[in-house]
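Notes follow once the structure below has been shown.
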Amino acid sequence: MKKSITIFTAAMALLVGLAVGLMIGRNTAQSAAAGTTFYATIDGVNQDYGSLTVTGLEVNSVNFRGSFSFSAEDAALEWRGTELTFDELREGQTVSVTFTGDVSETDPAGLSGVVRVELLDDSK
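For what it's worth, our numbering labels the leading residue of the sequence shown as 1128, then goes sequentially.
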């Protein structure tokens, strides 16, 4: 009888550990899929190609303080929860950039997989 209780307790502990591990793994995978976000000032807007050139702000980690160029054609453009058009983006504005792709080692660095550009200024 004692042996069966011990086996049952060990099995339950194993199942609880497995469930907790799966929950932690799922939360970690979701946050990684959300992408990387950094803050920048717009240096250039290319209307013809739907691309932006930005310079990262000092509040970013050292890897995101340089110049970056990327296409914003497939990205969600937002300001305070409302949709923006590409025409509303101007040089000098402060934005957050979220991407899921790679960073190419060019000058300026190229970003792929930009999913969101959010205007952070108080007005458009």
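Each residue gets a CB set at the ideal place from its N, CA and C atoms; glycine is no exception. Predicted model only: the values in this text are computed from it and were never measured.
- Each residue's CA atom was taken as its position, placing Thr1221 and Asp1229 some 22 Å apart.
- Going by DSSP, Ala1202 is part of no beta strand (DSSP E) at all; its letter is neither H nor E.
- The distance from the Cβ of Leu1184 to that of Ile1169 is about 12 Å, inconsistent with a contact at the 8 Å cut-off.
- Nearest to Gly1237 by C-alpha distance, out of Ala1202, Ser1196, Glu1200 and Phe1226, is Ser1196.
- The secondary-structure analysis by DSSP pairs Phe1226 across a beta bridge with Thr1163 and Val1241.
- The alpha carbon of Val1189 has as its nearest neighbour, out of Thr1209, Ala1167 and Gly1162, the alpha carbon of Ala1167.
- Shown here for Arg1192: same chain residues with a beta carbon closer than 6 Å to its own, the five before and five after excluded, namely Gly1183 in chain order.
- In this chain, the beta strand (DSSP E) harbouring Gly1183 covers Ser1178 to Gly1183.
- Between Val1186 and Ser1223, the alpha-carbon positions lie close to 12 Å from each other.
- Judged by DSSP secondary structure, Phe1197 falls within the beta strand (DSSP E) whose first and last residues are Ser1194 to Ser1198.
- Between the C-alpha atoms of Gly1208 and Leu1246 there is a straight-line separation of about 10 Å.
- Contact check for Val1172 against Glu1218 passes: the beta carbons are separated by less than 9 Å.
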